[in-house]
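Below is one structure; the comments refer to it alone.
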Amino acid sequence: MARQRRSGADPGVAATLDKVLIAGAFHGQRRREQTEIELDELEELARTLGTSVVERAAVALRDIHPGTFFGSGTVEALGARIAELGGPAALINDQLSPRQQRNLEESWGVPVLDRTEVILAIFARRARTAEGRVQVEMAQLEHQLPRLAGGWAHLERQRGRVGTGSMRGGMGEKQIEVDRRLINQKLRRLRQRLREIERQRTTRRTARSAVPLASCALVGYTNAGKSTLLNRLTNSTVLADDLLFATLDPTSRLLGLSSGRRIIVTDTVGFIQSLPHELVEAFAATLEEVREAHLLTIVVDASHADAEAQLETVLATLDEMGCDQPAVLAVNKVDRLGAATADDMARRLGAIAGLPPVRISAARGTGIRELRQAIDALAAEAVPDTRANRPIIAAGSFDGDVAEAIDQPFHGRRRAAS
Ligand SMILES: Nc1nc2c(ncn2[C@@H]2O[C@H](COP(=O)(O)OP(=O)(O)OP(=O)(O)O)[C@@H](O)[C@H]2O)c(=O)[nH]1
Ligand SMILES: [Mg+2]
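In this text, residue positions in the sequence shown follow this note's numbering: the first is 428, and each later residue adds one.
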């Protein structure tokens, strides 16, 4: 764990960031409005980390400066502002190269985190299960590797961390090599550990495919209301919170539909635009849950100012993942909109997704009957109701085989394995 603490993306760093300045650039095709929307999101991410944003800056940028990302005038102006504000850390919306990050830290004398590191820090803080922790730690180490070459010494000093013996003092090339080797060793160990954990997950997935129940993954942008919807549909109490990435680990529950059919519903980690690729790789197994589901319920927060772009991000991410299952579009949080706006949003979101929209409020429970019907219809196509599977699909209470496929303790009698 000591090693993980040194990552720029680590929660230990975040904990020391009681106040932050956030900044983002608009340049070329990128319009200022888009940058402002992303800065709003970065503010939300900062809030999720528990830091307070004391200043935000949207900066016009003609060319990206290879050494410092921003031009020298901006670097100076932001530096002066940071000094005036008593040295808040800087969160930068744009992707910084290790060198740019290092130079900015040197010039401003405060920790500089980019968007990826903020997201990694949130994931690190929120990971609860063994799998989640291993995945996040791997993502952090991978993020750290290319950042080694710049001399950790000054980062150690600036971030006020105490290095281990080997890290103290000047960092020669040799030390960097030693460190790189240690990180690679650690990555190998973590990968092995992850494989073991994944075997257990595979066991559960196999158990799931052994029961002839359709599975439906709830997917969507972070904070769209997926967990609230799972709770609403299945009377569960998984954590739903007004935070980005409240959910990291998938949770599966049994859902009885009005046709009498039962399906397995899985709540999953939320998507976000420019999801750090380190995380996409690390969470491949978790995302596998989405890939293997028979159907998807795409949840959108229709009350969000950026709802359309968020839906586009979700669709693009699903596309990249090779997910093309039949889907239902749940246009959520309509309780926050007037009827006319809700209609309009539903129409526009439906057109983007190419799916008939179902307007719901997961929080209030409106539209849930229609949503269940839509899911029921798709489930009927995905797993036809044959004589052989009918008793299980429509059983009054779930049995051992089904219990193994979902994350719910089973206290009843297990059916003998056949
Ligand atoms: N007004 C309103 N708020 C909702 C509705 N559905 C969810 N919320 C709120 O939106 C916030 C996020 O809900 P979650 O269910 O945690 O969202 P999520 O998609 O699971 O989010 P992550 O797990 O963070 O990706 C919570 O504060 C919910 O109470 C809704 O229909 N109406
Ligand atoms: Mg959630």
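Built from N, CA and C at the ideal position, the CB exists for glycine as well.
- A residue is called buried when at least 16 other Cβ atoms come within 10 angstroms of its Cβ; G559 meets this threshold and is buried.
- Closest by C-alpha distance to N650, out of P703, S730 and E463, is S730.
- DSSP, read as helix, strand or coil, puts V810 in coil.
- The alpha-carbon of L714 is positioned some 11 Å away from that of L675.
- Per DSSP, P783 has no beta-bridge partner at all.
- Bridge pairing for G477: absent [DSSP].
- Excluding its 5 nearest sequence neighbours in each direction, T543 has C-beta neighbours in its own chain below 6 Å: P703, listed in chain order.
- Of all C-beta pairs linking the segment 631-638 to the segment 646-664, fewer than three are shorter than 8 Å, placing the two stretches out of contact.
- For I725, the enclosing beta strand (DSSP E) stretches over residues L722 to D728.
- Per DSSP, the beta-bridge partners of R689 are G683.
- With contacts defined by Cβ atoms closer than 8 Å, L547 and A566 form a contacting pair.
- Classified as exposed, E747 has fewer than 16 neighbouring CB atoms from the shown chains inside 10 Å of its CB.
- Shortest gap from the CB of D694 to any heavy atom of ligand 2: under 7 Å.
- For D746, the enclosing alpha helix (DSSP H) covers residues A734 to E747.
- One thing to note: I691 has its Cβ within 8 Å of the Cβ of L681.
- Short note on L805: C-beta not closer than 7 Å to any heavy atom of ligand 1.
- Residue pairing by DSSP places G792 in no beta bridge whatsoever.
- Within 7 Å of the C-beta of K653 there is at least one heavy atom belonging to ligand 2.
- Relative to ligand 2, the beta carbon of G697 is positioned inside 7 Å of a heavy atom.
- Distances from the CA of R608 to each of L488, Q627 and L568 were compared; the closest alpha carbon is that of L568.
- Bridge pairing for K446: S479 [DSSP].
- With a cut-off of 7 Å, the C-beta of T674 is classified as near ligand 2, since at least one heavy atom of the ligand falls inside that distance.
- For A754, the enclosing beta strand (DSSP E) has its first and last residue at A754 to N759.
- G647: member of the beta strand (DSSP E) spanning A641 to G647, first to last residue.
- In the DSSP assignment, the residues bridged to F496 are H492.
- In this structure, M772 is the residue among V665, L756, M772 and A754 with its C-alpha nearest to the C-alpha of D762.
- Between ligand 1 and R791, a heavy atom-to-CB distance of less than 7 Å is present.
- When secondary structure is reduced to three states using DSSP, T695 falls in the coil class, being assigned neither helix nor strand.
- Your pair I787 and E739 does not check out as a contact, with CB atoms roughly 20 Å apart and the cut at 8 Å.
- Taking 8 Å as the upper bound for CB-CB distance, A485 and L466 are in contact here, some 6 Å apart.
- Measuring C-alpha to C-alpha distances from A450 to each of D606, S642, L722 and Q522 identifies Q522 as the nearest.
- Within 10 angstroms of the beta-carbon of Q562 lie 16 or more other beta-carbons, which makes it buried.
- DSSP places A551 in no beta strand (DSSP E) but in the uninterrupted alpha helix (DSSP H) bounded by R542 to R553.
- With a cut-off of 8 Å on Cβ pairs, the segment 654-673 is not in contact with the segment 524-537, counting fewer than three such pairs.
- Put simply, the backbone Cα of A504 is about 15 Å away from that of N530.
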